[in-house]
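All remarks here apply to the structure that follows.
There are 2 protein chains.
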Amino acid sequence: MLDDRKLAVLRAIVEDYVSTNEPVGSKALVERHSLGVSPATIRNDMAVLEEQGYITQPHTSAGRVPTDKGYRLFVDRLSTIKPLSAAERRAIETFLNGAYDLDDVVSRTVRLLAQLTRQVAVVQYPSLSRSAVRHVELVPVADQRLLLVLITNTGRVEQRVIETPAPVSEESVAHLRALLNTCLDGCRLAEAPGAVADLPEQVPPDDRPVAATVLSVLLETLVEKHEEKIVFAGAANLAHVDFSQSLREVLEALEEQVVLMRLLGEAGDSSSLTVRIGTENPHEGLRSTSVVAAGYGVGDQALARLGVLGPTRMDYPGTMGAVRAVARYVGQILAGS
Amino acid sequence: MLDDRKLAVLRAIVEDYVSTNEPVGSKALVERHSLGVSPATIRNDMAVLEEQGYITQPHTSAGRVPTDKGYRLFVDRLSTIKPLSAAERRAIETFLNGAYDLDDVVSRTVRLLAQLTRQVAVVQYPSLSRSAVRHVELVPVADQRLLLVLITNTGRVEQRVIETPAPVSEESVAHLRALLNTCLDGCRLAEAPGAVADLPEQVPPDDRPVAATVLSVLLETLVEKHEEKIVFAGAANLAHVDFSQSLREVLEALEEQVVLMRLLGEAGDSSSLTVRIGTENPHEGLRSTSVVAAGYGVGDQALARLGVLGPTRMDYPGTMGAVRAVARYVGQILAGS
DNA sequence: ACTTGGCACTCAGGGGCAAGGAGTGCCAGT
DNA sequence: ACTGGCACTCCTTGCCCCTGAGTGCCAAGT
Numbered sequence: 004m005l006d007d008r009k010l011a012v013l014r015a016i017v018e019d020y021v022s023t024n025e026p027v028g029s030k031a032l033v034e035r036h037s038l039g040v041s042p043a044t045i046r047n048d049m050a051v052l053e054e055q056g057y058i059t060q061p062h063t064s065a066g067r068v069p070t071d072k073g074y075r076l077f078v079d080r081l082s083t084i085k086p087l088s089a090a091e092r093r094a095i096e097t098f099l100n101g102a103y104d105l106d107d108v109v110s111r112t113v114r115l116l117a118q119l120t121r122q123v124a125v126v127q128y129p130s131l132s133r134s135a136v137r138h139v140e141l142v143p144v145a146d147q148r149l150l151l152v153l154i155t156n157t158g159r160v161e162q163r164v165i166e167t168p169a170p171v172s173e174e175s176v177a178h179l180r181a182l183l184n185t186c187l188d189g190c191r192l193a194e195a196p197g198a199v200a201d202l203p204e205q206v207p208p209d210d211r212p213v214a215a216t217v218l219s220v221l222l223e224t225l226v227e228k229h230e231e232k233i234v235f236a237g238a239a240n241l242a243h244v245d246f247s248q249s250l251r252e253v254l255e256a257l258e259e260q261v262v263l264m265r266l267l268g269e270a271g272d273s274s275s276l277t278v279r280i281g282t283e284n285p286h287e288g289l290r291s292t293s294v295v296a297a298g299y300g301v302g303d304q305a306l307a308r309l310g311v312l313g314p315t316r317m318d319y320p321g322t323m324g325a326v327r328a329v330a331r332y333v334g335q336i337l338a339g340s
Numbered sequence: 004m005l006d007d008r009k010l011a012v013l014r015a016i017v018e019d020y021v022s023t024n025e026p027v028g029s030k031a032l033v034e035r036h037s038l039g040v041s042p043a044t045i046r047n048d049m050a051v052l053e054e055q056g057y058i059t060q061p062h063t064s065a066g067r068v069p070t071d072k073g074y075r076l077f078v079d080r081l082s083t084i085k086p087l088s089a090a091e092r093r094a095i096e097t098f099l100n101g102a103y104d105l106d107d108v109v110s111r112t113v114r115l116l117a118q119l120t121r122q123v124a125v126v127q128y129p130s131l132s133r134s135a136v137r138h139v140e141l142v143p144v145a146d147q148r149l150l151l152v153l154i155t156n157t158g159r160v161e162q163r164v165i166e167t168p169a170p171v172s173e174e175s176v177a178h179l180r181a182l183l184n185t186c187l188d189g190c191r192l193a194e195a196p197g198a199v200a201d202l203p204e205q206v207p208p209d210d211r212p213v214a215a216t217v218l219s220v221l222l223e224t225l226v227e228k229h230e231e232k233i234v235f236a237g238a239a240n241l242a243h244v245d246f247s248q249s250l251r252e253v254l255e256a257l258e259e260q261v262v263l264m265r266l267l268g269e270a271g272d273s274s275s276l277t278v279r280i281g282t283e284n285p286h287e288g289l290r291s292t293s294v295v296a297a298g299y300g301v302g303d304q305a306l307a308r309l310g311v312l313g314p315t316r317m318d319y320p321g322t323m324g325a326v327r328a329v330a331r332y333v334g335q336i337l338a339g340s
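Sequence order for the protein chains is A and B.
4 is the number of the first residue of the first sequence in this note's numbering; add one for each residue after it.
4 is the number of the first residue of the second sequence in this note's numbering; add one for each residue after it.
Structure (structure tokens):
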């Protein structure tokens with residue numbers, strides 16, 4: 004029902020509109036792309052495309068603008084992900100290689116991605132529950148206070164201060180620490196509750212209340228909290244775009260952790276690259292923005308996601324290329340550290 | 004040279020302009036404020052105020068608008084800091100009391116301040132070099148790898164992985180850890196280099212290379228890095244303000260850590276409340292914004308600063324009240340934890 | 001020496017109007 | 001099935017004029 008030329012017309016409309024930000028007319032199209040037919044023919048094709056809902060005109064006697072549905076078709080069938088230039092690859096490498104801890108990796112990544120795409124970048128911290136334990140440390144800091152430090156294989160470090168119900172001896176702490184490490188070493192955090200289930204039994208009866216407290220804090224830290232740590236950068240890039248809706252709504256959405264989380268979507272396997280266009284987004288205030296997101300992680304399994312948010316009128320092939328490249332590279336960095 | 008009535012006129016102009024965002028004329032002034040004189044008189048006063056540079060008119064036949072100099076006079080001599088309402092105080096308390104670690108305190112604070120003032124809030128993490136050591140932990144995580152964890156009296160936790168030049172025994176680590184804690188306990192980080200200067204001499208010769216490595220990493224962590232960790236929130240509040248300059252410039256400035264740091268100014272004593280108006284700001288892109296900032300900390304000494312950025316046309320008394328209240332409260336929270 | 005009312009002047013903002021131009025839909029011809 | 005021609009729509013721009021808010025100045029009053 005849509006022959007090749009109509010698809011080519013749609014592609015041309017998307018490309019022109021993205022680069023000029025102005026409704027594109029039939030005459031301009033034949034001039035800028037060598038379609039080999041006359042404007043009138045294009046007009047007929049456009050009428051069909053409009054009827055099917057792929058494009059629309061802001062008002063009679065204006066050119067055409069792609070609809071969300073039009074962008075969707077473009078992304079799915081009419082475009083290919085554009086690989087980064089050599090210079091861009093080098094930039095990623097040099098910029099990310101300087102990072103010295105997880106915080107630094109994430110903050111560099113988000114700034115890099117924002118700069119690369121000239122849009123708003125969003126990066127989720129590696130999910131705790133999908134990471135594995137590298138080391139658990141238990142340090143007495145006061146009479147009835149322990150510091151719990153948890154280090155994951157993604158370099159993430161969590162700490163919590165624990166108030167113990169009773170004073171604990173150095174030896175008890177050492178014993179508990181050893182037990183914890185034995186139970187948990189290399190264990191995925193999501194499986195931690197199971198791994199420590201029978202731990203209390205291995206503790207001397209006197210220390211059981213303390214052990215219970217420590218365990219409950221530990222599990223709470225892993226499961227409940229921080230699952231949703233997420234940052235963004237590049238808000239300045241929104242400023243020169245004129246949204247149909249208010250810029251304020253978009254900024255507000257960006258400052259809500261929960262919204263950001265849902266925006267990136269669920270982490271699937273590492274290589275998944277997803278595009279959400281306009282109203283496909285799960286948030287009201289982002290009706291006129293699109294999100295390009297990818298999972299990243301150390302192996303096949305994605306630990307978390309990162310992506311880019313911009314106007315629906317964005318350069319999808321280029322953005323997808325950048326997001327994919329950065330996601331891969333961050334994965335390598337995390338694996339290597 | 005400026006009699007009482009002229010000052011009253013200036014105050015009225017500032018207040019009206021802040022609330023209406025429109026140049027204020029002589030007639031409107033006498034109507035809204037009971038000045039007891041006629042518009043013509045006010046006009047004469049205005050002419051004087053304009054000549055002296057406190058107000059200006061966007062164009063002939065428009066009302067007057069305060070200049071930076073006018074706001075400065077207003078802040079210095081014509082206004083008093085407005086205390087928060089009981090409801091606002093309660094809001095601060097309940098919102099901040101739920102925090103469970105430093106990250107959480109800071110992120111809650113910045114969001115709270117943004118909401119309270121309806122502007123952009125900026126909060127600097129407690130400066131490392133001004134904090135004191137509460138505990139140093141040294142954990143072997145692999146054959147030639149140690150994890151260094153540093154806990155400060157502000158609840159800040161820093162960690163670094165250290166590659167040692169040679170394998171280290173458990174005992175050596177324990178010994179080194181004990182030494183470090185003896186030297187550093189309660190010590191201000193800024194004084195740490197002095198405190199550990201003679202530490203290598205107390206280490207057995209075999210362990211000296213390792214000790215040296217650990218020390219260099221420790222000092223590097225304290226001094227070099229992280230000094231400038233800083234966050235902001237509430238960018239959405241900028242959206243409905245129309246800046247004379249581009250919004251983009253402001254957003255860009257906000258995303259530069261260095262600029263933010265200079266914006267808040269140097270931490271002085273705890274109670275200092277500073278206001279920077281328009282061109283008094285050290286950054287080009289922020290010519291038409293003002294910053295209200297205060298130090299916060301556990302004792303008299305400020306550990307860091309926090310503040311608010313908004314258009315020069317802001318409610319100074321209210322903003323100053325909010326910033327001061329939040330700064331005090333955060334200090335209490337940190338001291339108590 | 002201030003203060004005041006009166007008055008002429010300035011200028012941004014908005015409505016109305018016409019010209020220009022980009023783009024469309026439709027139709028008849030090839 | 002494509003194309004050229006043509007009438008039509010309607011946004012945009014520029015222009016003009018008017019209105020209203022606000023000013024500066026002056027002369028008179030206290």
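Note that CB positions come from ideal geometry on N, CA and C, so glycine has one too.
Quick caveat, the model's predicted, so the values are computed rather than measured.
Legend entry - Cβ shell of Phe246(A) (< 6 Å), same chain only, five flanking positions each side left out: Reading the first sequence from its first residue, position 243 is the one you call residue 246(A). Once the five neighbours on either side are set aside, the close Cβ partners of Phe246(A) are Ser291.
Legend entry - Proximal residues, the segment 124 to 157 of chain B versus chain A, C-beta separation under 8 Å: Arg137, His138, Glu140, Val142, Val144, Leu150, Val152, Ile154
Legend entry - Ile84(A) in three-state terms, based on DSSP: For the purposes of this step, residue 84(A) is taken as the residue at position 81 of the first sequence. Reduced to three states, the DSSP call for Ile84(A) is coil.
Inset, instruction - Classify Ala50(B) as helix, strand or coil using the three-state DSSP reduction. - result: Residue 50(B) sits at position 47 when you count from the first residue of the second sequence. Looking at Ala50(B) - three-state DSSP - the assignment turns out to be helix.
Legend entry - Beta-carbon gap between Gly281(A) and Thr315(A) smaller than 8 Å: Taking the first sequence and counting its residues from 1, one reaches residue 281(A) at position 278. Taking the first sequence and counting its residues from 1, one reaches residue 315(A) at position 312. The answer is yes: Cβ separation under 8 Å.
Legend entry - Pro196(A) (DSSP reduced to helix, strand or coil): Position 193 of the first sequence, counted from the start, is the residue given in the question as residue 196(A). Correct three-state label for Pro196(A): helix.
Legend entry - Cα-Cα separation between Gln60(A) and Met264(B), rounded to whole angstroms: Translated into the one-based positions of the first sequence, residue 60(A) becomes position 57. Translated into the one-based positions of the second sequence, residue 264(B) becomes position 261. So the two alpha carbons sit approximately 48 Å from each other.
Inset, instruction - Look at the alpha carbon of Ala11(A) and the alpha carbon of Ala94(B), and state the distance between them as a whole number of angstroms. - result: As a first step, residue 11(A) is located in the first sequence; it is residue number 8 there, counting from the start. As a first step, residue 94(B) is located in the second sequence; it is residue number 91 there, counting from the start. Ala11(A) and Ala94(B): Cα-Cα distance of roughly 58 Å.
Legend entry - Given 8 Å, three or more beta-carbon pairs between the segment 160 to 167 of chain B and the segment 141 to 151 of chain B: yes
Inset, instruction - Please look up how many angstroms separate the CB atoms of Leu150(A) and Ile336(B), rounded, as I've assumed it's under 8 Å. - result: Here residue 150(A) refers to the residue found at position 147 of the first sequence. Here residue 336(B) refers to the residue found at position 333 of the second sequence. Actually they are not in contact, since the Cβ atoms of Leu150(A) and Ile336(B) sit about 19 Å apart, beyond 8 Å.
Inset, instruction - Answer with yes or no whether the minimum CB distance from Val160(B) to chain A is below 8 Å. - result: Your numbering for residue 160(B) matches position 157 in the second sequence. Yes, Val160(B) lies at the interface with chain A (some Cβ there is under 8 Å from its Cβ).
Legend entry - Per-residue DSSP class, three states only, for Ala296(B): Numbered from 1 along the second sequence, position 293 holds the residue referred to as residue 296(B). Note: Ala296(B) maps to strand in three-state DSSP.
Legend entry - Cut-off 8 Å between Cβ atoms - residues of its own chain near Ala169(A), not counting five sequence neighbours on either side: The sequence position of residue 169(A) within the first sequence is 166, counting from 1. Same-chain partners within the cutoff: Gln147, Pro212, Val213.
Inset, instruction - Decide if the segment 182 to 199 of chain B is in contact with the segment 129 to 136 of chain B; the criterion is three or more beta carbon pairs, one per stretch, under 8 Å apart. - result: yes
Legend entry - When Glu204(B), Ala215(B), Asn156(B), Pro208(B) are compared against Asp188(B), the one with the closest alpha-carbon: Reading the second sequence from its first residue, position 185 is the one you call residue 188(B). Out of Glu204(B), Ala215(B), Asn156(B), Pro208(B), Asn156(B) has the C-alpha closest to the C-alpha of Asp188(B).
Inset, instruction - May I have the straight-line CA-CA distance separating Leu87(A) from Met323(A), to the nearest angstrom? - result: Numbered from 1 along the first sequence, position 84 holds the residue referred to as residue 87(A). Numbered from 1 along the first sequence, position 320 holds the residue referred to as residue 323(A). Between Leu87(A) and Met323(A), the C-alpha separation is close to 10 Å.
Legend entry - Straight-line gap, Pro207(A) to Ala325(A) (C-alpha atoms, nearest Å): Numbered from 1 along the first sequence, position 204 holds the residue referred to as residue 207(A). Numbered from 1 along the first sequence, position 322 holds the residue referred to as residue 325(A). Looking at the two C-alpha atoms, the distance is approximately 55 Å.
Inset, instruction - Evaluate Gly158(A) with the Cβ neighbour count: other Cβ atoms within 10 Å of its Cβ, from every protein chain shown; 16 or more gives buried, anything less gives exposed. - result: The residue given as residue 158(A) occupies position 155 in the first sequence. It counts as buried.
Legend entry - Classification of Tyr319(B) by the beta-carbon crowding that lies within 10 angstroms, buried from 16 upward: Locating residue 319(B) in the second sequence gives position 316, where the first residue counts as 1. The residue is buried, with at least 16 neighbouring Cβ atoms inside 10 Å.
Inset, instruction - Closer than 7 Å by C-beta to Gly310(A): which residues in its own chain qualify, once you throw out the five before and the five after it? Chain order, please. - result: Counting from one through the first sequence, the residue named residue 310(A) turns up at place 307. Only Val125, Leu267, Val294, Val295, Ala296, Ala297, Val326 meet the Cβ criterion.
Inset, instruction - Look at the Cβ atom of Ile58(B), then the Cβ atom of Pro69(B), and state whether they are nearer than 8 Å. - result: Within the second sequence, the letter at position 55 stands for residue 58(B). Within the second sequence, the letter at position 66 stands for residue 69(B). Against a cut-off of 8 Å, the Cβ pair of Pro69(B) and Ile58(B) comes out as a contact.
Inset, instruction - Can you check the segment 234 to 268 of chain B for any alpha helix (DSSP H) of at least 4 residues that lies completely inside it and give the ranges in chain order? - result: 250 to 257, 260 to 267
Inset, instruction - Could you tell me the boundaries of the alpha helix (DSSP H) in which Thr112(A) lies? - result: Locating residue 112(A) in the first sequence gives position 109, where the first residue counts as 1. Start and end: 105 to 120.
Legend entry - Test: Asp104(B) CB closer than 8 Å to a CB of chain A: Residue 104(B) sits at position 101 when you count from the first residue of the second sequence. For Asp104(B), the answer is yes, since a Cβ of chain A falls inside 8 Å of its Cβ.
Inset, instruction - Starting from Ser249(B), find everything on chain A with Cβ-Cβ shorter than 9 Å and list it in chain order. - result: Position 246 of the second sequence, counting from 1, holds the residue named residue 249(B). Result: Ala242, His243.
Inset, instruction - Could you spell out the range, first to last residue, of the beta strand (DSSP E) harbouring Cys13(B)? - result: Within the second sequence, the letter at position 10 stands for residue 13(B). The amino acid occupying residue 13(B) in the given sequence is Leu; Cys does not appear at that position. Element bounds for Leu13(B): not the beta strand (DSSP E) but the alpha helix (DSSP H), 7 to 23.
Legend entry - C-alpha gap between Leu32(B) and Phe77(A), whole angstroms: Within the second sequence, numbered from 1, the residue matching residue 32(B) stands at position 29. Within the first sequence, numbered from 1, the residue matching residue 77(A) stands at position 74. Going by the C-alpha atoms only, they are around 59 Å apart.
Legend entry - Boundaries of the beta strand (DSSP E) in which Thr157(A) is found, first to last residue: Numbered from its first residue, the first sequence carries residue 157(A) at position 154. Element bounds for Thr157(A): n/a, residue is neither H nor E.
Legend entry - Per-residue burial, Ser175(A) [other beta carbons within 10 Å of its own, 16 or more giving buried]: If you number the first sequence from 1, residue 175(A) lands on position 172. Result: buried.
Legend entry - Contacting residues, own chain, Cβ-Cβ under 8 Å from Lys9(B) (five flanking each side not counted): Within the second sequence, residue 9(B) is the residue found at index 6, counting from 1. The answer, listed in chain order, is Asp48, Val51, Leu52.
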